[in-house]
Amino acid sequence: MKPFEYVAARTIDEAVEALASSKGPAKPLAGGTDLVVQLNEGRITLDRVVDIGRIPELKRVDVDAQGQLRLGAAAPCVDVYSHLNVQRLFPMLVDSASIIGSVQVQSRASIGGNLCNASPSGDSIPTLICLGAQAVIQGPSGRRVVPVEEFCTGPGQTVLQPAELVVEIVVPAPGENEGGKYLRFIPRNEMDIAVVGVGSWIRWEPQSGRITDARIALGAVAPTPVRAPEAEAALIGKEVSWDVIDEASRLAVNAARPISDVRGSAEYRRHLVSVLVRRTLLAALERAGVDVKDLGGEAYAG
Amino acid sequence: MATATQYRVIGTRPIRPDGYGKVTGKDQYGADVILPGMLYCKVLRSPHPHAIIKAIDVSKALALPGVMAVVTGDDLPRIESSEKVSSGEETIEARFMTALCLAQDKVYFKGQPVAAVAATSLATAQEALSLIEVEYEPLPVVDDVLEAMKEDAPLLHGDLYTESLAGKGSKPSNIAGRVEHARGDVDKGMAEADVVIEREFRTQMVHQGYIEPTNSTAYVAPDGRITIWTSTQGAWDIRNQVATILQIPEGMIRVIPMEIGGGFGGKFTAYLDPVVVLLSQKTGRPVKAVMTRAEVFQATGPSSGTYIRLKIGAKRDGTLVAADAFMVYDAGAFPGSPVGGASVTGLSPYNIPNFKILGFDVVTNRPRVKAYRAPGATAIAFAVETVLDEIAERLGIDPVDLRLKNAVGPGDRMTNGVPYPSIGFRELLTAVKEHPHYNAPLEGKWVGRGFAAGFWMNGSGVSTVHLTFNTDGTVNLIEGSTDIGGTRATMAQIVAEELWLEMEEVKPMVGDTQIVGFNDGTGGSRTTYSTGVAVWKACQNAIAEFKVRAARMLEVDAEEIVFEAGDFKVKGHPDRSVNIREVIRNLRHTGGHFEAVGVSGGLKMAPAFGASLVDLAVDPETGKVEILRWTQFQDVGKAIHPSYVEGQLQGGAAQGIGWALYEEYIFRDGHMLNPTFLDYRLPTALDLPMIDTCIIEVPASDGPYGVRGVGEVSIVPPPAAIANAIYRATGVRMNELPMTSERVWRAMSQRQSRVEQEAS
Ligand SMILES: Cc1cc2nc3c(=O)[nH]c(=O)nc-3n(C[C@H](O)[C@H](O)[C@H](O)COP(=O)(O)OP(=O)(O)OC[C@H]3O[C@@H](n4cnc5c(N)ncnc54)[C@H](O)[C@@H]3O)c2cc1C
Chain A
0 MKPFEYVAAR TIDEAVEALA SSKGPAKPLA GGTDLVVQLN EGRITLDRVV
50 DIGRIPELKR VDVDAQGQLR LGAAAPCVDV YSHLNVQRLF PMLVDSASII
100 GSVQVQSRAS IGGNLCNASP SGDSIPTLIC LGAQAVIQGP SGRRVVPVEE
150 FCTGPGQTVL QPAELVVEIV VPAPGENEGG KYLRFIPRNE MDIAVVGVGS
200 WIRWEPQSGR ITDARIALGA VAPTPVRAPE AEAALIGKEV SWDVIDEASR
250 LAVNAARPIS DVRGSAEYRR HLVSVLVRRT LLAALERAGV DVKDLGGEAY
300 AG
Chain B
0 MATATQYRVI GTRPIRPDGY GKVTGKDQYG ADVILPGMLY CKVLRSPHPH
50 AIIKAIDVSK ALALPGVMAV VTGDDLPRIE SSEKVSSGEE TIEARFMTAL
100 CLAQDKVYFK GQPVAAVAAT SLATAQEALS LIEVEYEPLP VVDDVLEAMK
150 EDAPLLHGDL YTESLAGKGS KPSNIAGRVE HARGDVDKGM AEADVVIERE
200 FRTQMVHQGY IEPTNSTAYV APDGRITIWT STQGAWDIRN QVATILQIPE
250 GMIRVIPMEI GGGFGGKFTA YLDPVVVLLS QKTGRPVKAV MTRAEVFQAT
300 GPSSGTYIRL KIGAKRDGTL VAADAFMVYD AGAFPGSPVG GASVTGLSPY
350 NIPNFKILGF DVVTNRPRVK AYRAPGATAI AFAVETVLDE IAERLGIDPV
400 DLRLKNAVGP GDRMTNGVPY PSIGFRELLT AVKEHPHYNA PLEGKWVGRG
450 FAAGFWMNGS GVSTVHLTFN TDGTVNLIEG STDIGGTRAT MAQIVAEELW
500 LEMEEVKPMV GDTQIVGFND GTGGSRTTYS TGVAVWKACQ NAIAEFKVRA
550 ARMLEVDAEE IVFEAGDFKV KGHPDRSVNI REVIRNLRHT GGHFEAVGVS
600 GGLKMAPAFG ASLVDLAVDP ETGKVEILRW TQFQDVGKAI HPSYVEGQLQ
650 GGAAQGIGWA LYEEYIFRDG HMLNPTFLDY RLPTALDLPM IDTCIIEVPA
700 SDGPYGVRGV GEVSIVPPPA AIANAIYRAT GVRMNELPMT SERVWRAMSQ
750 RQSRVEQEAS
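As they're listed, the protein sequences go chains A and B.
Everything in the first sequence is counted per numbering that gives the first Met the number 0, starting at 0 for the first residue and increasing by one.
Everything in the second sequence is counted per numbering that gives the first Met the number 0, starting at 0 for the first residue and increasing by one.
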């Protein structure tokens, strides 16, 4: 690791200023569980590291009276998944936050860092996309808001401009009869990178039994997390049934453009997409109040 | 030796004397060594798996402020002979050891050291590496053993000729050695068989995965005397290697083994020690080097990848009649794979009248392999024990019964013709059959139970221990065996047992090469066995002298003294006695202090048999295996400290599970693609089941209390046991390690399409 300057910012403005005024490349450090590893392995070299983990607003986890979640970008995963209202209203976010790394890693790793690191396999990103989350960004030229779905532009690439910072992630309040589930496949049972990650979210209408909205986001099968529009379309307007779920899980594969690498072949990844889409859809439906046992078929909801 | 069967201390579970330092983090490991004026060393490594070094220019690196010295292969003596040095469970030619420290003229694997820097900070040393200019001429790469064996394969070494019993080959080859064992007439045996199974197997390179990275710190004093603080299983091996590589007399070198964070056979080799000595010689300052994990993976010795073809024939009643094994073991860059160990383990547990075993030691452009827990045995056992499972299934015989029917006993012969002394294989198999796990029902879809056995010879070697005595009545025990598995506790237990002291009254420590007499390293499951004998002998020597001293205290002749339950008594006068603690406290007044020494050596073989029994579930859609229940069986002779024996059984099973399901070096053209703990997957706590153990105690023929070495055999059966369980769960026979989710899924899909094809 090359020596670098370390600045601990106390406010958002200080952080932006510290990033903007650096002579060479500078980056924010939230939990550091990606950044420090990258520095250590020489994958990046920085002149300045700006610690944003001491800015109180960035560590906040707030659910307001309407049920909207405002998540400070540097809040560690453990503060997210142990928050009672997050557990009650956003169980899908708990799915993601509670599988990143290990207990030790989760006490530092943030959702903001997971998003800004923009790894195709980042475990929180499909979930944030499914939940319709927005990233609140602040930089030298002020504030702007970008939907998480549009935030990642390539592996490690985002819409962030130099000296810009994600300060908050806003997740809209959940409605009635909605449910979401995130699952990933890893060869081990922890401390692993998703070979494939899938988030599925649905809303249905109990009276008609029809699905009224659906979002499916796939991780680790394209340069960024991607939606699976064909699969979503195959669900919307349909009555919940085993066949509909099965069809959607097959169609979801069309959205995947996986590569073969040491973690799995493209063929295996495509297969896993269909398996995980089916499993997450079943679990999402269950969370939305559908009695999935009535659907027949073999339910492998994980 | 000891005749008592009721022990006071042996077989109990006292707290380990080195426990406090471990749990408080205060113990000193190699990376904790910090000396005044110390410099930091980094090693420049070859980016090419195979290349000629045309030129090295270090001038820019030397000019960097803070850089105190740079060394290359030219700074090491050139060893032209084929002289060998000892390295734990193997020997290696000294010139190849030199090449593992700093390449001379040519690199044979990616990560091979090319130059080393000593600087005032780690960052400076790191920066200096980028200033060293090396001109390479890349050569064709061969990173697969079967490719390397071909006639037209690129040759690694122009001067390597196949060695076998027949002598040396006539032209250079990548096949470094050929081993052969045979008995009877295989063709005739196969012809008599009612069922013959022939299968091919592949296993990949795997690393010991010790958590503490390889490290070394050296200081060369102005008079040339060398001190090395290092992480090693064998301080005397390191001393011998450093002396040979640097052509310095051993007497000039003191090796201090620090606390060790795992070795498993991989820490017998001086990869860094000669380099830091060289840099300290040049600078006059202490120099320290610690490898990164990527360096550990790419530049220390993993275990061989293998190709195995195995054919076994049996009669309808399960009697094995013939076996034919063809094994190729990858040595990496320089000769020395454990194919020899494989050739005398895999088939040795069974009486087979006709067999032929042919093994090859083959070099490739990969890291040079090293010993890893029961070196060579796990891969061949994977083949043997899965083929036996298939035979049992074909014949409708219980898999344990099939083994019982053919199991060796004392007096039977190993594949190399050596007769077994006392062994407990049959007792072990009987214990499996009677175990609740074996008899528990296992229900449900996609679940299966698998069984496999394993064998390892175990080593013995030489150990020296010293006992000295304190005026408070306590005893110091100095051993030279690196304590990896809790041997300070075990050895102290023997002293406490023999001298009738409490555990707390024995103060064990590990000495260095200048404090204690010669010791072979901690490997080959030898320490408790052989060092235990040395401790036992030292105790008997102490007791003999104590008798003389007690006689003086009691004013009788020494012949009249007997030692009973901690008291030295006058024969026939039970009221006239003195306790051993009193004798120790009064040494000064009864003739002065003394030291009791014990040396072991020339012990008989005390082999170990083990077995794994596993229940598991397979996710039919992803191929992922979940282990539900595990029992590890082993004949340990006598468990001195049962907790540490159980720990060895569990540790071996855990590593075996890693081999079976997760671990492998993935290469492309000689480049390892996964040199991190992220993508080289060791099992984590969440991947391992609770590992139940079942200890069987059949006393060994030699040594104290019937002890056998217990460290290694537990890694041998797990992959085969898991493969057999996967078969019962899914109907697919896995013949490649590791059995990753993707490989299992692929095998299941292929089977599914076969089934569908046959149906249509
Ligand atoms: C052992 C281990 C296991 C892991 N397991 C997983 C896993 O299972 N799943 C998974 O998805 N990830 C995993 N990771 C990766 C990592 O922990 C996560 O991505 C984590 O969420 C990153 O958060 P952080 O706060 O540590 O980010 P940091 O490392 O602090 O930052 C990550 C990147 O984002 C930038 N950044 C951080 N915050 C902001 C911000 N507010 N605005 C702009 N840029 C910002 C940084 O500059 C850096 O480039 C693992 C890492 C380790 C070391």
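Each residue gets a CB set at the ideal place from its N, CA and C atoms; glycine is no exception.
Nothing here was measured: the structure is a model prediction, and the numbers come from that model.
Legend entry - beta-carbon A/Ser120 near ligand 1 non-hydrogen atom, thresh 8 Å: Result yes, Cβ under 8 Å from ligand 1.
Legend entry - Where the beta strand (DSSP E) through B/Asn775 begins and ends: The structure shown has nothing for residue 775 of chain B, since chain B only spans 0 to 759.
Inset, instruction - Quick one: using the 10 Å Cβ neighbour count with 16 as the cut-off for buried, is A/Ile168 buried or exposed? - result: Counting Cβ neighbours within 10 Å, A/Ile168 comes out buried, since at least 16 surround it.
Inset, instruction - Can you grab the Cα-Cα spacing for the pair A/Arg202 / A/Ser120, in whole Å? - result: If you take the alpha carbons of A/Arg202 and A/Ser120, they lie about 25 Å apart.
Inset, instruction - Mind listing the chain B neighbours of A/Lys1? Cutoff is C-beta to C-beta under 9 Å, in chain order. - result: Neighbours of A/Lys1 on chain B, chain order: Ala122, Gln125, Glu126.
Inset, instruction - Out of B/Ile196, B/Phe200, B/Ile259, state which residue places its alpha-carbon closest to the alpha-carbon of B/Ile210. - result: Residue B/Ile259 is the option with its Cα nearest to B/Ile210.
Inset, instruction - Check the C-beta distance from B/Leu63 over to B/Ala115 and give it rounded, since I have them as a contact under 8 Å. - result: About 14 Å; that fails the 8 Å criterion.
Legend entry - Assigned exposure category for B/Tyr19 - 16 Cβ within 10 Å defines buried: Answer is exposed; the Cβ neighbour count stays below 16.
Legend entry - For B/Val295, three-class secondary structure by DSSP: Helix, per DSSP.
Inset, instruction - Return the first residue and the last residue of the beta strand (DSSP E) that B/Ile765 is part of. - result: This structure does not reach residue 765 of chain B, given that chain B is present from 0 up to 759, and the question cannot be answered.
Inset, instruction - Can you pull the chain A residues whose beta carbon is under 8 Å from the beta carbon of B/Arg680, in chain order? - result: For B/Arg680, the residues of chain A that pass the 8 Å Cβ criterion are Pro186, Arg187, Asp191, in the order they occur in the chain.
Inset, instruction - State the start and end residues of the unbroken alpha helix (DSSP H) segment that holds A/Arg183. - result: Not the alpha helix (DSSP H): A/Arg183 falls in the beta strand (DSSP E), residues 177-184.
Inset, instruction - Measure the CB-CB distance between B/Gly283 and B/Val219 and report whether it falls below 9 Å. - result: Going by beta carbons, B/Gly283 and B/Val219 fall inside the 9 Å limit.
Inset, instruction - Less than 8 Å between the CB atoms is what I'm expecting for B/Val362 and B/Pro334, so what's the real figure, rounded? - result: With 8 Å as the limit, B/Val362 and B/Pro334 qualify as a contact, their Cβ atoms being about 6 Å apart.
Legend entry - Residues that A/Arg262 contacts on chain B, provided the C-beta gap is smaller than 8 Å: Neighbours of A/Arg262 on chain B, chain order: Asp678.
Legend entry - Same chain, Cβ closer than 8 Å to B/Ala430, neighbours up to 5 away in sequence not counted: Excluding residues within five positions, the ones whose Cβ falls inside 8 Å are Phe632, Cys693, Ile695.
Legend entry - Cutoff 8 Å; reference B/Gln111; Cβ partners in own chain excluding five residues on either side: Hits under 8 Å: Arg44, Ser45, Ala98, Leu99, Ala102, Ala298, Ala332.
Inset, instruction - Output the distance between the C-alpha atoms of B/Ala117 and B/Arg201, rounded to the nearest integer angstrom. - result: Roughly 42 Å separates the two Cα atoms.
Inset, instruction - Return yes when the C-beta of B/Arg587 is under 8 Å from any heavy atom of ligand 1, and no when it is not. - result: The nearest non-hydrogen atom of ligand 1 is 8 Å or more from the C-beta of B/Arg587.
Inset, instruction - Could you spell out the range, first to last residue, of the beta strand (DSSP E) harbouring B/Pro256? - result: Bounds of the beta strand (DSSP E) holding B/Pro256 are 252-256.
Legend entry - Minimum C-alpha distance to A/Ile306 - residue among A/Gly41, A/Arg262, A/Arg9: No answer is possible for residue 306 of chain A: the residues shown for chain A start at 0 and end at 301.
Legend entry - Alpha-carbon to alpha-carbon, B/Ala451 and B/Glu625: Taking the straight line joining both Cα atoms gives about 18 Å.
Inset, instruction - Report the residues of the segment 165-185 of chain A with a CB closer than 7 Å to any CB of chain B, ordered along the chain. - result: For the segment 165-185 of chain A, which is checked against every Cβ of chain B, the residues closer than 7 Å are Phe184.
Legend entry - Simplified DSSP state of B/Pro716, which is helix, strand or coil: Of the three classes helix, strand and coil, the one that applies to B/Pro716 here is coil, per DSSP.
Inset, instruction - Less than 8 Å between the CB atoms is what I'm expecting for B/Leu736 and B/Trp658, so what's the real figure, rounded? - result: The C-beta separation of B/Leu736 from B/Trp658 comes to about 6 Å, placing the pair in contact by the 8 Å criterion.
Legend entry - Segment contact flag, the segment 111-118 of chain A with the segment 151-170 of chain A, C-beta cutoff 8 Å, min 3 pairs: Taking a cut-off of 8 Å for Cβ pairs, the segment 111-118 of chain A and the segment 151-170 of chain A touch, as three or more such pairs fall below it.
Inset, instruction - Could you please give the first and the last residue of the uninterrupted beta strand (DSSP E) stretch that includes B/Pro139? - result: It is not in any beta strand (DSSP E) - B/Pro139 carries neither H nor E in the DSSP assignment.
Legend entry - B/Asp329 versus B/Arg750 - alpha carbon distance: Cα-Cα distance, rounded: 30 Å.
Inset, instruction - Output yes if chain A places a C-beta closer than 9 Å to the C-beta of B/Tyr661; else output no. - result: At a cut-off of 9 Å between beta-carbon atoms, B/Tyr661 makes contact with chain A.
Inset, instruction - Taking all protein chains shown into account, decide if B/Thr470 is buried (16 or more other Cβ within 10 angstroms of its Cβ) or exposed. - result: B/Thr470 comes out exposed.
Inset, instruction - Please check the pair B/Met148 and B/Ile174, which I expect to be a contact at CB under 8 Å, by giving their CB distance rounded to whole angstroms. - result: About 6 Å; that satisfies the 8 Å criterion.
Inset, instruction - Please report the Cβ distance between B/Tyr28 and B/Lys287, rounded to the nearest whole angstrom; I am assuming they are in contact, meaning their Cβ atoms lie under 8 Å. - result: In this structure B/Tyr28 is not in contact with B/Lys287, their Cβ atoms being roughly 12 Å apart against a cut-off of 8 Å.
Legend entry - 9 Å Cβ cutoff met for B/Ser529 and B/Ser599: Against a cut-off of 9 Å, the Cβ pair of B/Ser599 and B/Ser529 comes out as a contact.
Legend entry - Partners in chain A for B/Thr621, counting only beta-carbon separations shorter than 7 Å: Chain A residues near B/Thr621: Phe184, Leu271, Val274.
Inset, instruction - Give, in chain order, every unbroken run of the beta strand (DSSP E) that is at least 3 residues long and sits entirely within the segment 78-145 of chain B. - result: Whole beta strand (DSSP E) segments, 3+ residues: 83-86, 89-92, 112-118, 132-137.
Inset, instruction - Mind checking who A/Glu229 pairs with in its DSSP beta bridge? - result: Its beta-bridge partners do not exist; DSSP assigns none.
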